[in-house]
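**Student:** This is the structure, below, for whatever I ask next.
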Amino acid sequence: MQAEIIDNIKFTTLSPDTIKKMSVAKLIVADTYNEDGYPIDGGLMDQRLGVIDPGLKCKTCGGRAKSCMGHFGHIELVRPVIHPEFARFIYMLLQSTCEKCNRVMLSKELADDVKLALKEINLNADEQKEELLFNDIVKKLKTLKKCPYCGTEQHKRKFERPTFFYLNGETIKPDTIRDWLENIPDEDLISIGIDPKATRPEWLILSVLLVPPVNVRPSITLESGERSEDDLTHKLVEIMRINERLSQDIDAGAPQIIIDDLWELLQYHVTTYFNNETPGVPVARHRSTKPLKTLAQRLKGKEGRLRYNLSGKRVNFSARSVISSDASLTINQVGVPMKIASVMTIPLYVTKWNIEAAKKFIMNPDYPKALNVISKSGIRKRVTETNREDLVASLEPGDIVERQLMDNDIVLFNRQPTLHRLSIMAHRVKVMPGKTFRIQVSAAYPYNADYDGDEMNLHVPQTLEAQAEAIYMMQPKNLMLSARHGQPVFYAEEDEIAGLYFITKGDTYYTKDEAALMLSYIGIFDLPEESENGLYNGKSIISMLFPKDFNFTGNNLKGPVVIKNGKLIEGILDSKMIGEKGSTLISKLFIDYGPDFIERFILNLTKLSLRAVYKRGLTVSVKDYLVTNEMINERERIIKEVEDKANKIIEGYNDRTLDALPGYTRKQTMTTLLFAQLSEARDIAGKYLNKTMNTTNNAFLLASIGARGSIMNVIQMSMLLGQQSVRGKRPSRGYSGRVLPYFRKNDKDPRAKGFVTSCFFEGLTPTDFFEHAMGARDSAATKSLVTAVSGYMYRRLVNAMMDFYISDDKSVRGSGMELIQPIYGGDGVDPMYVNVESDK
Amino acid sequence: MAAKKENEISIKNVDVQYGEPVGVVAAQSMGEPSTQMVLRTFHSAGIATTISSGLPRVIELVDARKKQASPTMIVPLDPKIKKNYDAVKKLAKKFQEVRIKDVILKHIENLKESKLELVLSKSKMEDNMLTEDQIIEKLTKKFSGISIEKKSNHLIISQKKAKDIHSTRIAFVHIMDFQLSGIKGINKAVIMQNDDESFYIFTSGSNISEAMQLEGVLSESIYSTDPFDVLKSYGVEAARNAIAYELKNTMQHEGVKVDFRHMGLIADSMTLTGTIIGVGRHGLAGTKASVFARAAYEETVKHFVNASIFGESDPLKGVSENVLIGKQIHVGTGLVKLAIKKEDLKKIKAEE
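From first to last, the protein sequence lines are chains A and B. When you read off a place in the first sequence, starting at 1, and then add 146, the result is the number in the working numbering. When you read off a place in the second sequence, starting at 1, and then add 4, the result is the number in the working numbering.
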């Protein structure tokens, strides 16, 4: 709800007069509280600036700590100082104006050019260009030797960071600069693109300093009863103290040099008051050497006001807990612990149609009950034993009853890092015992979650608009396809794939009892077609999940899969069919039968497949990795084969028969070839295992159907670890000429450069162990680096493109209606539905 | 049974919806999988150079870096010569940049007498189809202040006017670096074969404008991985495609599936102004109309200060600034407004 609409926000600088008008108090005492802990009048905590102590009243508006929003004060500086953030701009103005008549040194011809350029800028309302134009003008003007108006010869201006200016080698003080800037006529400023109404240059030389209200810089009372002031207050105290001393010294007629010193000190404090990270200025620090957080630091960066408090905010109506999996929930549901459901509330907007229901909630002493009632006038009352009847009696349409979370309420569920929009989805509540959030096993993928202690957040949308949006646009069942590539983001994983394999592999038969039991778990009370042997084939059981008119052909990892009229005729449902390697089946079912069907389907699929695994039992044991004599021989053969080839390359390099690859030197050629050759050892071992192992080996079975692990795990367990890599090459550093001190210098043996020939099952030799650790360390280090680099790229991308949206003519527009694409993607098709065969 | 309504086809409309925040979706589609990409540039044996890939390549493209780590060109050839290996080989030689230092065996610098002695290599010269006389001619044409003496396969170069050691040395370095033939910036040209047995030239380094002038090159269809080079020779539309396809290739190489529309949108927004701008602080994100959006992104104080000098006003049209001030954003469901007919409103009021 928007009461008032802000159309635009204009930025200007404050003139001394404006500051005085804004100010409610001129501050004169460089102190905060007196001995009694009471704010000093005219001090920095003056009660006219607002109050933060609960007992006191604001002397300007009469409000208390909570109701008074604070008022500005001001300090009159005895000597003007330069606003450090504008120093560069002041310098540019000095360069482009005459040192005598102070007019902008634009010659007639140049002035006409600039006028034209400005006109165009104003036409396009592109104020950013003004800045560039101004920079260009200054570049031209600063080279001028003579003022075109009064003919005065110009001397060199110099600017030294942070706030020192020189004319012809001599210092010019802020008061002189102010006189100079004051003299620049308004028309001249307009002619170079500066708006004198927004900023008169002399305003940038501060003679009056605005003091923010007390609320902006509250003091904290420590446990010991001591008061600790805000960094800004500290800085302001120091400014006032120096200001006072300067004023006394001037009155006492102190020598100029002392006054100048103090003046410079005042300038330093004002500079750090605005920005404590100004280049060329020593950082102002606490006694604990912690740098002070002054105005610029408050706004800046990730923890600054803009990004930490305005772009993102803390919220109410949210909960966080550990997640665990539950195979009996649908992907659309989330299990919410009773403890959380009884604390979180959802507003019930009372109308004449639901007033009775609302009353029931208020009267209910136990869950589900109403916790608060908010009357039309906005007064919130807690529902208690005693006031229950009164609240019911006075309840009328327009009131809001806040009731506890119940089954089927819509909530948002989120896991950080929130990398894409599927990281926040809307689920239906299912209140459960226990203390963790429960989600369907398959719902973890879009969140990139697992159940090893991950925590997730839950938010309860409070308005009907928010709830409607969540229901229609954010439910997992509607978000089956990813906007990134149009493929399903919910699919079977791990145990489910294993279970489906057992069911569909063809020679699995269940007795009538078993089949009936399995199907009854998913709410199907019919039996499938009986096989010839009087039993029920797994394929016919799984077929019960498909609609009767469903036809499908596709390929799994091994061969074709055919479903005809809702019956699985041929093929195994493996991870290429229904899992992470390409869930074409799920995609097809979703496209043809819709969200509600797919929600049920995934639930049934999970239940059925898990039941099948329970039934058969599945475990990976030591036996699966046992190294047989045959394997040892094969390993030795592979090592010998690879090492022979490697040695041949080395020999070729030594007797110069090895030719360099294009673009490489011979030495580089040798190292690349060696690395490639030695890495091949694992592939050869993989081929061997693929040939000799069969599905009686559970580890191999799981890898081959894509349920868990890969053939690489088996290779590294029972064959060899293979060539290790550090920074994409063979390990080479450590000691001079060798990787570990246990090798000879310049050893040509591949094993001396990270070719690990032992396996996990038999254990690594000490040198192998260290070489393996080098590779592992390298990949761990790179991983942490990638997240930082990619995170920043991501932020830049989002910031650049977040304003783009689809306009009503399917064109892509930016925030200023600028045309990015005439038709989105060239065809106006949503990437979510690229795999859908549309009717068009 | 399972399906509620059999034969129901749920997705009929595949069109992108009004208000869809396609920019954010595109950014997310690139950003989310980028955490899974490798940081290292790949060395693929067989091809002329290291080809940068993975995350660094994506960042390089999206940032619109003027100096690319490893630009390459694929140069298709005229049908007349593309099956003739010798002709192609001859052409490839014309690509490869040859400098003085590439045709000598060794060189002796005598700074005292400001003399540079070059020992030319016959085989290297032949390799690059150069003769001594050609080299001398080219050198004298380029460097006016030198005299060249020829002694068998030695070239003795001396400065006509004696200069101090420092400038002599610099002059010698320039001479050693002098380009005799080939195209500037191309340090390798390799002949590659298509499936149909025709040849094409693959180069490391990119310079379309000069490559298209060589005879036998299909000048209108050179592919370059350097968008700026494409921009210079083929214009901004081609540059847009270059960015989009390079992004696509990089993502594909990493095995990450991203729809082309997302990459197309990124490329389109980068080439919006008629030239290539990056997405960062000096590009798209840093030149937004809104002061708040820029301030919230990077260099907060600078943007506020400049805005006040020029009296800028924030039109509050974009997403970032409306989030900041707490208004509804102008994309997605925030874009639509609810309207009700006056008579309907009266009806409702009357009912109450």
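Yeah, the Cβ is synthetic: ideal placement off N, Cα and C, and Gly gets one too.
I'd like the span of the alpha helix (DSSP H) that includes alanine 934 of chain A, first residue to last.
**Tutor:** Translated into the one-based positions of the first sequence, residue 934 of chain A becomes position 788. First-last of the alpha helix (DSSP H) with alanine 934 of chain A: 912–947.
**Student:** CA-CA distance, leucine 456 of chain A and isoleucine 396 of chain A?
**Tutor:** In the first sequence, residue 456 of chain A corresponds to position 310, counting from 1. In the first sequence, residue 396 of chain A corresponds to position 250, counting from 1. About 45 angstroms.
**Student:** Look up serine 464 of chain A in the DSSP assignment and say whether it is helix, strand or coil.
**Tutor:** Mapped onto the first sequence, residue 464 of chain A falls at position 318. Strand at serine 464 of chain A.
**Student:** Using CA coordinates, which residue listed in B:Lys345, B:Pro80, B:Gly149 and B:Arg298 is at the minimum distance from valine 323 of chain B?
**Tutor:** In the second sequence, residue 323 of chain B corresponds to position 319, counting from 1. Cα-wise, what sits closest to valine 323 of chain B is B:Arg298.
**Student:** Which of helix, strand or coil does DSSP assign to alanine 572 of chain A?
**Tutor:** The residue labelled residue 572 of chain A in the question sits at position 426 within the first sequence. Reduced to three states, the DSSP call for alanine 572 of chain A is strand.
**Student:** With 8 angstroms as the threshold, decide whether the Cβ of tyrosine 454 of chain A is near any Cβ in chain B.
**Tutor:** Taking the first residue of the first sequence as 1, we reach residue 454 of chain A at position 308. Judged by the 8 angstroms Cβ criterion, tyrosine 454 of chain A is not in contact with chain B.
**Student:** With burial defined as no fewer than 16 other Cβ atoms inside 10 Å of the residue's Cβ, what is the status of tyrosine 888 of chain A: buried or exposed?
**Tutor:** Taking the first sequence and counting its residues from 1, one reaches residue 888 of chain A at position 742. Tyrosine 888 of chain A is exposed by the Cβ-count criterion.
**Student:** What number of angstroms, rounded off, separates the C-alpha of serine 666 of chain A from the C-alpha of aspartate 19 of chain B?
**Tutor:** By one-based count along the first sequence, residue 666 of chain A stands at place 520. By one-based count along the second sequence, residue 19 of chain B stands at place 15. If I take the Cα positions, the gap works out to 41 angstroms.
**Student:** Excluding the 5 residues flanking leucine 824 of chain A on each side, which residues of the same chain have their C-beta closer than 7 angstroms to its C-beta?
**Tutor:** Residue mapping note: residue 824 of chain A aligns to position 678 of the first sequence, counting from 1. Excluding positions up to five away in sequence, the list reads Val788, Ala792, Gln869, Pro896 and Phe901.
**Student:** Which residues in the same chain as lysine 522 of chain A place their Cβ atom closer than 7 angstroms to its Cβ, once the five residues preceding and following it in sequence are excluded?
**Tutor:** Looking up residue 522 of chain A in the first sequence gives position 376. Result list for lysine 522 of chain A: Gly544 and Asp545, in chain order.
**Student:** Any Cβ of chain A within less than 8 angstroms of the Cβ of phenylalanine 99 of chain B?
**Tutor:** In the second sequence, counting from the first residue as 1, residue 99 of chain B sits at position 95. No, because no Cβ of chain A sits closer than 8 angstroms to the Cβ of phenylalanine 99 of chain B.
**Student:** Under three-state DSSP, which class holds aspartate 512 of chain A?
**Tutor:** Along the first sequence, one-based indexing puts residue 512 of chain A at 366. Note: aspartate 512 of chain A maps to coil in three-state DSSP.
**Student:** Can you tell me which of the three DSSP states leucine 764 of chain A falls into?
**Tutor:** In the first sequence, residue 764 of chain A corresponds to position 618, counting from 1. Note: leucine 764 of chain A maps to coil in three-state DSSP.
**Student:** Does methionine 267 of chain B have its Cβ less than 8 angstroms from a Cβ in chain A?
**Tutor:** If you number the second sequence from 1, residue 267 of chain B lands on position 263. No - not a single Cβ of chain A is within 8 angstroms of the one on methionine 267 of chain B.
**Student:** Quick one: which chain A residues come within Cβ less than 9 angstroms of isoleucine 174 of chain B?
**Tutor:** Mapped onto the second sequence, residue 174 of chain B falls at position 170. What isoleucine 174 of chain B touches in chain A: nothing, since even the nearest Cβ is about 28 angstroms away.
**Student:** Which of the three DSSP states is assigned to proline 230 of chain A in this structure?
**Tutor:** If you number the first sequence from 1, residue 230 of chain A lands on position 84. Looking at proline 230 of chain A - three-state DSSP - the assignment turns out to be helix.
**Student:** Between which two residues does the alpha helix (DSSP H) harbouring alanine 473 of chain A extend?
**Tutor:** By 1-based counting over the first sequence, the position of residue 473 of chain A is 327. No alpha helix (DSSP H) contains alanine 473 of chain A, which DSSP labels as neither H nor E.
**Student:** Would glycine 186 of chain B pass as an interface residue toward chain A - the criterion being a Cβ-Cβ separation below 8 angstroms?
**Tutor:** As a working note, residue 186 of chain B is residue 182 in the second sequence. No, no contact with chain A.
**Student:** Spatial neighbours of valine 635 of chain A within its chain, please: C-beta separation below 8 angstroms, excluding the five flanking residues on both sides.
**Tutor:** Against the first sequence, residue 635 of chain A aligns to sequence position 489. Excluding positions up to five away in sequence, the list reads Leu568, Tyr591, Pro592, Leu625, Met626, Leu627 and Ser628.
**Student:** Which value, in whole angstroms, describes the spacing of the CA atoms of glutamine 562 of chain A and serine 471 of chain A?
**Tutor:** For the purposes of this step, residue 562 of chain A is taken as the residue at position 416 of the first sequence. For the purposes of this step, residue 471 of chain A is taken as the residue at position 325 of the first sequence. When rounded, the distance between both Cα atoms is 18 angstroms.
**Student:** Tell me where the beta strand (DSSP E) around arginine 303 of chain A begins and ends.
**Tutor:** By one-based count along the first sequence, residue 303 of chain A stands at place 157. Note, arginine 303 of chain A: beta strand (DSSP E), 303–306.
**Student:** Excluding sequence positions up to five away, which residues of its chain have a Cβ less than 7 angstroms from the Cβ of threonine 497 of chain A?
**Tutor:** In the first sequence, counting from the first residue as 1, residue 497 of chain A sits at position 351. Result list for threonine 497 of chain A: Pro543, in chain order.
**Student:** With the cut-off set at 8 angstroms, would you say arginine 549 of chain A and leucine 610 of chain A are in Cβ contact?
**Tutor:** As a working mapping, residue 549 of chain A is identified with position 403 in the first sequence. As a working mapping, residue 610 of chain A is identified with position 464 in the first sequence. Contact flag unset, no.
**Student:** Any C-beta of chain B sitting closer than 8 angstroms to the C-beta of valine 932 of chain A?
**Tutor:** Taking the first sequence and counting its residues from 1, the one referred to as residue 932 of chain A is at position 786. Yes, valine 932 of chain A counts as interfacial toward chain B.
**Student:** Can you give me the Cβ contacts of glutamine 197 of chain B inside the same chain, cut-off strictly under 7 angstroms, excluding the 5 residues immediately before and after it?
**Tutor:** Counting from 1 along the second sequence, the entry for residue 197 of chain B is found at position 193. Only Phe203 meet the Cβ criterion.
**Student:** Using DSSP bridges, identify the partner residues of serine 435 of chain A.
**Tutor:** As a first step, residue 435 of chain A must be located in the first sequence, where it is residue number 289. The amino acid at residue 435 of chain A is misidentified as serine; the sequence shows threonine. According to DSSP, threonine 435 of chain A bridges with nothing at all.
**Student:** If contact is defined by three or more beta carbon pairs under 8 angstroms, each pair taking one atom from either stretch, is the stretch 672–682 of chain A in contact with the stretch 865–883 of chain A?
**Tutor:** Segments in contact, no.
**Student:** Going along chain A, which residues have a C-beta under 8 angstroms from phenylalanine 232 of chain B?
**Tutor:** Within the second sequence, numbered from 1, the residue matching residue 232 of chain B stands at position 228. In chain order: nothing, as chain A lies at least about 19 angstroms away.
**Student:** Pull up the distance between the alpha-carbon of phenylalanine 736 of chain A and that of tyrosine 637 of chain A, whole angstroms please.
**Tutor:** Position 590 of the first sequence, counting from 1, holds the residue named residue 736 of chain A. Position 491 of the first sequence, counting from 1, holds the residue named residue 637 of chain A. Rounded to the nearest angstrom, the two C-alpha atoms are 12 angstroms apart.
**Student:** Which same chain residues, not among the five before or five after leucine 378 of chain A, have their C-beta less than 6 angstroms away from its C-beta?
**Tutor:** If you number the first sequence from 1, residue 378 of chain A lands on position 232. Cβ neighbours of leucine 378 of chain A beyond the five flanking positions: Arg363.
**Student:** Which value, in whole angstroms, describes the spacing of the CA atoms of valine 707 of chain A and glycine 652 of chain A?
**Tutor:** Residue mapping note: residue 707 of chain A aligns to position 561 of the first sequence, counting from 1. Residue mapping note: residue 652 of chain A aligns to position 506 of the first sequence, counting from 1. Going by the C-alpha atoms only, they are around 12 angstroms apart.
**Student:** Only counting the same chain, and skipping five residues up and downstream in sequence, which positions put a Cβ closer than 7 angstroms to that of glutamate 780 of chain A?
**Tutor:** For the purposes of this step, residue 780 of chain A is taken as the residue at position 634 of the first sequence. Same-chain partners within the cutoff: Tyr834.
**Student:** In terms of residue numbering, what span does the beta strand (DSSP E) encompassing glutamine 550 of chain A cover?
**Tutor:** Numbered from its first residue, the first sequence carries residue 550 of chain A at position 404. Looking at the DSSP string, the run of the beta strand (DSSP E) that includes glutamine 550 of chain A is 546–550.
**Student:** Since arginine 812 of chain A is in the alpha helix (DSSP H), which residue starts that stretch and which ends it?
**Tutor:** By one-based count along the first sequence, residue 812 of chain A stands at place 666. Run containing arginine 812 of chain A: 812–838, per the alpha helix (DSSP H) assignment.
**Student:** Ignoring anything shorter than 4 residues or poking outside the stretch 215–242 of chain B, list the alpha helix (DSSP H) runs there in chain order.
**Tutor:** Counting whole runs of 4 or more residues, the stretch 215–242 of chain B contains the alpha helix (DSSP H) stretches 231–238.
**Student:** So glutamine 967 of chain A contacts chain B; which residues on that side make the cut at Cβ distance below 8 angstroms?
**Tutor:** Here residue 967 of chain A corresponds to residue number 821 of the first sequence, with the count starting at 1. What glutamine 967 of chain A touches in chain B: Gly268, Leu269 and Asp272.
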